[in-house]
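To convert, take the position in the sequence shown, counting from 1, and add 1; that gives the numbering used here. Note that CB positions come from ideal geometry on N, CA and C, so glycine has one too. For reference, the structure discussed in these notes is given below.
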Amino acid sequence: MHTFSLDRPTTPDAAVASAAQAKTAQQGADVRFIAGGTTLVDLMKLNAETPARLLDINRLPLDAIEATPDGGLKIGATARNSTLAYHPIVQRDYPVVSQAILSGASAQLRNMATTAGNILQRTRCVYFRNTAMPCNKREPGTGCPAIDGGNRMLAILGVSDHCIATNPSDMCVALAALEATIHVHGPTGVRAIPFADFHLLPGDTPDRETVLEAGDLITHVTLPPPVAGSKQHYLKLRDRASYEFALASAAVVLSIADEKVTRVRIALGGVGTKPWRSPEAEAVLVGLPATQDQFRKAAEAALRDAKPQSENRFKVELAKRCLVHALKTAMTA
Ligand SMILES: Cc1cc2nc3c(=O)[nH]c(=O)nc-3n(C[C@H](O)[C@H](O)[C@H](O)COP(=O)(O)OP(=O)(O)OC[C@H]3O[C@@H](n4cnc5c(N)ncnc54)[C@H](O)[C@@H]3O)c2cc1C
Ligand code: SF4
Numbered sequence: 002m003h004t005f006s007l008d009r010p011t012t013p014d015a016a017v018a019s020a021a022q023a024k025t026a027q028q029g030a031d032v033r034f035i036a037g038g039t040t041l042v043d044l045m046k047l048n049a050e051t052p053a054r055l056l057d058i059n060r061l062p063l064d065a066i067e068a069t070p071d072g073g074l075k076i077g078a079t080a081r082n083s084t085l086a087y088h089p090i091v092q093r094d095y096p097v098v099s100q101a102i103l104s105g106a107s108a109q110l111r112n113m114a115t116t117a118g119n120i121l122q123r124t125r126c127v128y129f130r131n132t133a134m135p136c137n138k139r140e141p142g143t144g145c146p147a148i149d150g151g152n153r154m155l156a157i158l159g160v161s162d163h164c165i166a167t168n169p170s171d172m173c174v175a176l177a178a179l180e181a182t183i184h185v186h187g188p189t190g191v192r193a194i195p196f197a198d199f200h201l202l203p204g205d206t207p208d209r210e211t212v213l214e215a216g217d218l219i220t221h222v223t224l225p226p227p228v229a230g231s232k233q234h235y236l237k238l239r240d241r242a243s244y245e246f247a248l249a250s251a252a253v254v255l256s257i258a259d260e261k262v263t264r265v266r267i268a269l270g271g272v273g274t275k276p277w278r279s280p281e282a283e284a285v286l287v288g289l290p291a292t293q294d295q296f297r298k299a300a301e302a303a304l305r306d307a308k309p310q311s312e313n314r315f316k317v318e319l320a321k322r323c324l325v326h327a328l329k330t331a332m333t334a
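Okay, structure coming up:
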């Protein structure tokens with residue numbers, strides 16, 4: 002592993018001032034925050050990431066999970082994934098978050114992993130993690146061997162000619178469906194970013210994964226108040242029952258009255274280059290009976306623009322069935 006220095010700032014201002022010295026935005030930058038380290042240290046061991054300076058943010062007062070005055074929830078950036086998944090408010094009002102987190106990684110990893118680290122985890126594309134291979138995301142302009150290579154696990158929505166890497170997070174799929182907001186403290190002040198605007202499509206700059214700029218520290222995430230009577234479910238389909246990333250997943254938040262859908266939020270995982278909210282699927286459902294036929298039409302709409310690669314055509318049908326099953330299961334929640 003390459004050499005690096007480690008600092009432990011004790012205030013958000015100090016952390017941001019140090020990180021603002023980075024030459025680029027956070028992902029891939031030479032000065033980096035480190036929280037649980039379960040993504041970053043992994044990639045440093047592989048030399049896929051080589052920051053010169055790490056800023057350990059675990060001493061910052063950013064780990065609280067608390068109700069907001071409007072009835073929503075504020076989740077600190079360094080709150081551990083396990084703490085969040087088992088928090089009583091989350092289990093009562095946002096079970097889709099709990100289900101998504103607990104479907105991922107292992108108990109040990111979830112005990113280390115943090116809210117912000119999870120949101121910023123990087124793709125599991127094998128070429129990205131292998132420095133013997135070219136990769137536009139790791140080294141812009143070198144090419145994308147996945148497009149004509151091993152792409153079974155990779156994305157079918159939001160892909161470009163430069164990168165087809167999947168966003169691997171489960172928690173993010175639930176946060177997309179719940180319309181979370183990400184709060185950032187940066188060199189020029191604080192700002193709030195709607196979850197849907199936070200991650201970027203790869204386009205011709207796959208190295209740039211989010212709207213974060215150099216020095217930007219995620220301080221917390223907020224969830225809006227839960228919709229009374231809504232039913233939620235997260236379904237994850239994968240190659241083995243645990244300790245595996247999604248081939249396809251779906252988070253749904255569903256409200257029904259008189260057997261008709263009055264409101265629905267849908268996001269997909271394992272198939273998109275970013276956590277994939279599907280307004281197309283939502284539009285198909287609202288105002289109509291909550292039937293399996295209608296769920297299937299919504300799934301068709303969600304995958305209409307899919308661009309499968311040589312090895313992952315199966316994901317198109319898998320994702321459709323995943324969404325239909327998630328909606329059916331939510332009905333009984
Ligand atoms: C074997 C294995 C299996 C896994 N399986 C799954 C799975 O099935 N599903 C799933 O969703 N995830 C899975 N994960 C990924 C895991 O969820 C992430 O590694 C974890 O959430 C990252 O959190 P962290 O705090 O450890 O991040 P870190 O490694 O500390 O940081 C990750 C990134 O976020 C940046 N960062 C951290 N905090 C901040 C902040 N406050 N502001 C700005 N930047 C910040 C860092 O600079 C770094 O770029 C798995 C990981 C491993 C190793
Ligand atoms: S899909 Fe993206 S991350 Fe994977 S090799 Fe291509 S450019 Fe790199």
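Distances from the CB of G118 to the heavy atoms of ligand 1 include at least one below 7 Å. Here H200 carries a strand assignment [DSSP, helix/strand/coil]. Within the model, the alpha-carbon separation for R241 versus P188 is close to 43 Å. In this structure the stretch 109–123 touches the stretch 77–84; the number of beta carbon pairs closer than 8 Å is three or more. For the pair Q310 and I148, the CB atoms are nearer than the 8 Å cut-off. By the neighbour-count criterion, in which 16 or more other beta carbons inside 10 Å mark a residue as buried, D71 falls on the exposed side. Residue environment: T69 is assigned as exposed (fewer than 16 neighbouring CB atoms within 10 Å of its CB, all protein chains considered).
In the three-state reduction of the DSSP assignment, I35 falls in the strand class, which pools E and B.
The Cβ atoms of F246 and M134 do not sit closer than 8 Å to each other.
Here L7 is exposed, its C-beta having fewer than 16 other C-beta atoms within 10 Å. Assignment of H326 by DSSP, reduced to helix, strand and coil, places it in the helix class. Contact between P96 and Q293 does not hold, since their C-beta atoms are separated by about 23 Å, which reaches or exceeds 8 Å. According to the DSSP assignment, V42 belongs to the alpha helix (DSSP H) that extends over 41–46. R139 is classed as buried because its beta carbon has at least 16 other beta carbons within 10 Å across all chains shown. By the beta-carbon neighbour count (other beta carbons within 10 angstroms, threshold 16), A303 is buried. Boundaries of the beta strand (DSSP E) harbouring I183: 182–187, taken from the DSSP string. Spatial neighbours of H186 in its own chain (CB-CB distance under 7 Å, excluding positions within 5 residues in sequence) are listed in chain order as P13, V17, L218, T220. Rounded to whole angstroms, the Cβ separation of A299 and V317 is 15 Å, and the two are not in contact under 8 Å. A straight-line Cα-Cα distance of about 28 Å links T274 and M332.
Counting only unbroken stretches of 3 or more residues, the beta strand (DSSP E) elements lying wholly within the stretch 194–274 are 218–224, 232–238, 249–258, 261–270, in sequence order.
Unbroken alpha helix (DSSP H) runs of no fewer than 4 residues, entirely contained in the stretch 105–141, are found at 108–113, 116–120, following chain order. V265 and E283 have their C-alpha atoms spaced approximately 6 Å apart.
Distances taken from the Cβ of A78 to the heavy atoms of ligand 1 include one shorter than 7 Å.
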